[in-house]
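Participant: Just dropping this structure here.
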Amino acid sequence: MKFEPNMGAVLMPPIARLVGRRATMSVRAIVGVPVVLGLATIAAVIAQQTRHPVTAALFLMMGIIVNGAGGGLAAGLVTAGCAAFFYNFFIRFPIFEFGLDSIDDYVPFVAFTVAAGVCGILSGRLKDRAQAAEQASLQLDVLLAFSARLQHAIKLQDIVDALRLAVSETTVREHILPHLEQRHAALLGPQWRSAIARPRAAAGPDAQTDAAALQPNDVDLEAVADLLAMAIERCELLDQRAEAEAIRRSEELKTALLSSLSHDLRTPIAAIAAAASSLNRYGEQFDARTRVEMFDTIETQCQRLDRFTAKLLSLGQLQSGAAPGDMEIVDIVEPLGSAIGQVRALQPARAINKDISAGSALVWANPAMLEQVFFNILENAISYTPEQAPITVRVATVGERLEIGITDEGGGISAQELPYIFDRFFRSAGSRGKSGQGLGLSIAKGFVEAFGGTICAVSPPRGAVTGTQIRISLPLASSAEGGALHG
Amino acid sequence: MAETILIIDDEPAISRTLIPVLRTQGYEVETATTAAEALRRARQTAFDVALLDLGLPDADGREIIGRLHSLSCRAIIVISARHQEAEKVAALDEGADDYLSKPFSVDELMARIRAALRRPQAAGSSAKHFVSQDLAIDYAARRVIVRGDEIRLSPKEYALLECLSQHGGQVVTRRQLLLAGWNDPTTDSQNLRTYITLLRQKLELDPAEPRVILTEAGVGYRLQLAV
């Protein structure tokens, strides 16, 4: 125990606190204090009976110290008061009788009472301080955890969760929200109110009880409000950044789309314009063969433009969610053969092998759109593989489904890019700079799915080292829903 | 000896059309479809003009501009369907001499090729005079004659006109002009617009409808050789 220089200053605040808000005793103290007091008194009486009055006084003093240290200031003072009474009653002569007759009676009694009081106050105060320190450290831990959670908060909901864990609802309503700036309170308030409408369990498994929550008297509410304000500002900024990022991405996509459209529209137009203006200006200087070649260029580039326009229109059709036109029973060999024919016209030297072993190849589809599907896949294959690499088209029935595989022997598609090849406007790293819009495969996927089929890509195909296989699976017309009605 | 032209474009339809036209005009023509092939051909032959498409399968055309120049390719005309002005400017700043947007007419292409060939190999070294339909410049005497009449230009106006005329018929980027007039490419290009307006008032018959100094939107200006 450490004595402080000014006894008055030591004694007065605890008394004020005792009278004031802190005159609290725990249940344990209420039971323990009388027990200790009783034991000390019994020991004192026994000592007195055996004519050891000093030992008797010391026993009582010990009781005061034990109670003060164990039960706090209130317990210490109560014990001290009782001990002074018992001293007078049990120990001072005449025993079992009150009364102070002479100065010789006064001196030991007053000395004992003062000593008892000082002991009770000092030991009790020590206990109270230890308890207060413990409480403060607990609050500090809660405050630290609270501020750590706030620092990790990336959205308002995180802030609300942190508040719910650390601070009681009353404290927030009465002490924290009014401390916030208008703007911050307007942001946090609605979130908070909707959060407290939910059961507390929603705040998380480690939700604190009210006892462990931050008390408005113990924490600097200004500091808490500042922490909250910073966290709210940060969440706001993060929100704005995420929004800006989303806008930037969509702008990037638009730019890529425009650049791609511009390239794919202007390239054929450029060839047509160059050929037409050459014929116009220098026509008579060309020999007949050159002139025919130029007209051929104009013709084929017009077809190319037409195909591109058709693709854009198909895309629009898919995007607006239009029904896949007129569906009918289609023998897959017909649109497939027609698509292969178109591709051969584009690249006559390319070897395209057919392996059609399906007995029945009837599916429920729109024939023009199905042809577009095959053409897009084949066109993709011839565009991105060397001209000498053959392409194989296989058709087979597997159970109730028709499986179509279109396999090229090109360089294949990397595992990273494979999941994205059906995405609109996706173009592989190797195809950058080539013409093509990244539309073909996404249109094929949209159409196949409209017919109730599936499409996927395998690279390299089973049993091969390089190349890519696009696999389409369509329900056979006999098993398709509409097939029974129309077939 | 005939001047040689290298067409670098992965689009066969374009080169198939341009080859016969350029040949009838007396040029020797070679083609390349990739950046690598273009550099290989440039190593073997010193081309007078390279027509370069920016969207090549193996590289961005811009990346090979510097190397084509160092392989003694006299002039590089970028031909591209890209619509972004920024890319054209970047290609020109990279060292390209001119650009042409797809689609183009063969007359425009011929005019650009002639302008490129007309330019002396080392800029400004040998030429003493500039003569076009409307304009004559004596570089040594710093005299400018417009349709027969001598006009007086401020030093800055003259510097800009000199720069434009040294690239006669070709596009000159704003950056190049700012360097020529202010020696500082970060100068506010509003200054440049002001001086171009002043020049047009002295050179053009109708400054509101310029025919001598043409604006290349978003890129720079071009001094027209013949109307």
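In the order they appear, the protein sequences are chains L and Z.
Heads up, the first sequence is in the working numbering, so the first residue is 31 and it goes up one at a time.
Heads up, the second sequence is in the working numbering, so the first residue is 161 and it goes up one at a time.
For glycine and all other residues, C-beta sits at the position ideal for the given N, C-alpha and C.
Does Val388(Z) come within less than 8 Å of chain L when only Cβ atoms are used?
Facilitator: The structure shown has nothing for residue 388(Z), since chain Z only spans 161 to 387.
Participant: By DSSP, does Met42(L) sit in helix, in strand, or in coil?
Facilitator: Residue 42(L) sits at position 12 when you count from the first residue of the first sequence. Bear in mind that the predicted position of Met42(L) carries a pLDDT of just 43, short of 50, making it too unreliable to give a figure here.
Participant: Rounding to the nearest angstrom, what Cα-Cα distance links Val360(L) and Gly440(L) in this structure?
Facilitator: Here residue 360(L) refers to the residue found at position 330 of the first sequence. Here residue 440(L) refers to the residue found at position 410 of the first sequence. Distance between the alpha carbons of Val360(L) and Gly440(L) is about 31 Å.
Participant: In chain Z, what lies closer than 7 Å to Thr297(L) by C-beta?
Facilitator: Position 267 of the first sequence, counted from the start, is the residue given in the question as residue 297(L). Neighbours of Thr297(L) on chain Z, chain order: Glu171, Ala241, Lys262.
Participant: By a C-beta neighbour count over all protein chains shown, 10 Å radius and 16 as the cutoff for buried, is Leu288(L) buried or exposed?
Facilitator: Stepping through the first sequence from its first residue, residue 288(L) is reached at position 258. By the neighbour-count rule (16 or more Cβ atoms within 10 Å), Leu288(L) is not buried but exposed.
Participant: Rounded to a whole number of angstroms, what is the C-alpha to C-alpha distance between Thr177(Z) and Leu392(L)?
Facilitator: As a working note, residue 177(Z) is residue 17 in the second sequence. As a working note, residue 392(L) is residue 362 in the first sequence. So the two alpha carbons sit approximately 45 Å from each other.
Participant: Roughly how many whole angstroms lie between the Cα atoms of Gln238(L) and Val61(L)?
Facilitator: Stepping through the first sequence from its first residue, residue 238(L) is reached at position 208. Stepping through the first sequence from its first residue, residue 61(L) is reached at position 31. Note that Gln238(L) scores 46 on pLDDT, short of 50, meaning its location in the model is unreliable; the coordinates nonetheless yield the value given after this. Rounded to the nearest angstrom, the two C-alpha atoms are 29 Å apart.
Participant: So with CB distances below 8 Å, who are the chain Z contacts of Gln331(L)?
Facilitator: The count along the first sequence starts at 1 and reaches residue 331(L) at position 301. Going along chain Z in sequence order, the residues near Gln331(L) (Cβ under 8 Å) are Ala173.
Participant: For Arg382(Z), which residues of its own chain have a beta-carbon under 6 Å away from its beta-carbon, when the five flanking residues on both sides are left out?
Facilitator: Taking the second sequence and counting its residues from 1, the one referred to as residue 382(Z) is at position 222. Within the same chain, Arg382(Z) has close Cβ partners Val331, Leu374, Glu376.
Participant: Could you spell out the range, first to last residue, of the alpha helix (DSSP H) harbouring Cys323(Z)?
Facilitator: Taking the second sequence and counting its residues from 1, one reaches residue 323(Z) at position 163. Start and end: 315-326.
Participant: Check the Cβ of Met260(L) against every Cβ in chain Z and list those closer than 9 Å, keeping chain order.
Facilitator: Translated into positions along the first sequence, residue 260(L) becomes position 230. What Met260(L) touches in chain Z: nothing, since even the nearest Cβ is about 39 Å away.
Participant: Going residue by residue through the segment 409-484 of chain L, where are the continuous beta strand (DSSP E) segments of at least 3 residues, counting only ones entirely within it?
Facilitator: Those beta strand (DSSP E) runs which fall completely within the segment 409-484 of chain L and span 3+ residues are 421-428, 431-438.
Participant: Residues bridged to Asn351(Z) by DSSP?
Facilitator: Position 191 of the second sequence, counted from the start, is the residue given in the question as residue 351(Z). In the DSSP output, where bridge partners are listed per residue, Asn351(Z) has none listed.
Participant: In chain Z, which residues lie with their C-beta within 7 Å of the C-beta of Phe325(L)?
Facilitator: Locating residue 325(L) in the first sequence gives position 295, counting from the first residue. Result: empty, since nearest Cβ-Cβ is about 11 Å, beyond 7 Å.
Participant: Hey, quick one: how far does the alpha helix (DSSP H) through Lys157(L) stretch, first residue to last?
Facilitator: Looking up residue 157(L) in the first sequence gives position 127. Run containing Lys157(L): 133-182, per the alpha helix (DSSP H) assignment.
Participant: Can you find the residues in the same chain that come closer than 8 Å, C-beta to C-beta, to Ile19(L), ignoring five residues on each side of it along the sequence?
Facilitator: Because chain L spans 31 through 517 in this model, residue 19(L) falls outside it and cannot be assessed.
Participant: Identify the residues that DSSP records as bridge partners of His289(Z): which are they?
Facilitator: The residue given as residue 289(Z) occupies position 129 in the second sequence. Answer is Asp298(Z).
Participant: Contact between the segment 239-259 of chain Z and the segment 212-219 of chain Z: three or more CB pairs below 8 Å?
Facilitator: Touching, per the Cβ criterion.
Participant: Does the pairing of the segment 149-168 of chain L with the segment 95-110 of chain L give three or more beta-carbon distances under 8 Å?
Facilitator: Output reads yes: the segment 95-110 of chain L touches the segment 149-168 of chain L.
Participant: Could you round the C-beta distance between Arg279(Z) and Ala235(Z) to whole angstroms and report it? I think they count as a contact, below 8 Å.
Facilitator: Locating residue 279(Z) in the second sequence gives position 119, where the first residue counts as 1. Locating residue 235(Z) in the second sequence gives position 75, where the first residue counts as 1. Going by Cβ atoms, the distance from Arg279(Z) to Ala235(Z) rounds to 7 Å, so yes, they are a contact pair.
Participant: Is it buried or exposed, Thr415(L), if we count other Cβ atoms within 10 angstroms and call 16 or more buried?
Facilitator: On the first sequence, residue 415(L) is found 385 positions in, with the first residue counted as 1. Classification for Thr415(L): buried.
Participant: What three-state label does DSSP hand Ser503(L) in the structure shown?
Facilitator: Position 473 of the first sequence, counted from the start, is the residue given in the question as residue 503(L). In this structure, Ser503(L) counts as strand in the three-state DSSP scheme.
Participant: Where does Phe264(Z) sit, in a helix, a strand or coil, going by DSSP?
Facilitator: Stepping through the second sequence from its first residue, residue 264(Z) is reached at position 104. Residue state, collapsed to three classes: coil.
Participant: Output yes or no for whether 8 Å exceeds the beta carbon distance between Ser307(L) and Asp169(Z).
Facilitator: As a first step, residue 307(L) must be located in the first sequence, where it is residue number 277. As a first step, residue 169(Z) must be located in the second sequence, where it is residue number 9. No.
Participant: What number of angstroms, rounded off, separates the C-alpha of Leu358(Z) from the C-alpha of Tyr312(L)?
Facilitator: Taking the first residue of the second sequence as 1, we reach residue 358(Z) at position 198. Taking the first residue of the first sequence as 1, we reach residue 312(L) at position 282. Each residue's Cα considered, the two are about 40 Å apart.
Participant: Nearest chain Z C-beta to Ser308(L) closer than 8 Å, yes or no?
Facilitator: The residue labelled residue 308(L) in the question sits at position 278 within the first sequence. Yes, its Cβ sits closer than 8 Å to a Cβ of chain Z.
Participant: What is the C-beta distance between Leu231(Z) and Arg203(Z), in whole angstroms, given that I count them as a contact (C-beta under 8 Å)?
Facilitator: Sequence index remark: in the second sequence, residue 231(Z) carries index 71 (1-based). Sequence index remark: in the second sequence, residue 203(Z) carries index 43 (1-based). The Cβ separation is near 6 Å, so the contact holds.
Participant: Below 8 Å CB to CB, which residues in the same chain sit around Ile179(Z) once its five sequence neighbours on both sides are set aside?
Facilitator: Against the second sequence, residue 179(Z) aligns to sequence position 19. Within the same chain, Ile179(Z) has close Cβ partners Ile167, Val189, Thr191.
Participant: Please confirm whether Ser521(L) has its beta-carbon closer than 8 Å to some beta-carbon of chain Z.
Facilitator: Since the displayed chain L opens at 31 and closes at 517, residue 521(L) lies outside it and no answer follows.
Participant: What three-state label does DSSP hand Ala494(L) in the structure shown?
Facilitator: Within the first sequence, numbered from 1, the residue matching residue 494(L) stands at position 464. The answer is coil: DSSP assigns Ala494(L) none of H, G, I, E or B.
Participant: Comparing the C-beta of Arg272(Z) with each C-beta of chain L, is any distance below 8 Å?
Facilitator: Taking the first residue of the second sequence as position 1, residue 272(Z) is located at position 112. No, Arg272(Z) lies away from the interface with chain L (no Cβ there is under 8 Å from its Cβ).
Participant: Against chain Z, does Ala301(L) count as a neighbour if the rule is that its beta carbon must be under 8 Å from one of theirs?
Facilitator: If you number the first sequence from 1, residue 301(L) lands on position 271. Output row for Ala301(L): interface = yes.
Participant: Note the first and the last residue of the continuous beta strand (DSSP E) segment covering Arg382(Z).
Facilitator: Taking the second sequence and counting its residues from 1, the one referred to as residue 382(Z) is at position 222. First-last of the beta strand (DSSP E) with Arg382(Z): 380-383.
Participant: Tell me which same chain residues have a C-beta within less than 8 Å of the C-beta of Arg183(Z), skipping the five on either side of it?
Facilitator: Counted from its first residue, the second sequence places residue 183(Z) at position 23. Contacts found: Val189.
Participant: Using 8 Å as the limit for Cβ to Cβ distance, is Tyr312(L) near chain Z?
Facilitator: Here residue 312(L) refers to the residue found at position 282 when the first sequence is read from its first residue. Chain Z contact via Cβ: present.
Participant: Taking C-alpha atoms, which residue in Gln361(Z), Leu260(Z), Leu385(Z), Val379(Z) lies nearest to Ser314(Z)?
Facilitator: Locating residue 314(Z) in the second sequence gives position 154, counting from the first residue. That would be Gln361(Z), whose Cα lies nearest to the Cα of Ser314(Z).
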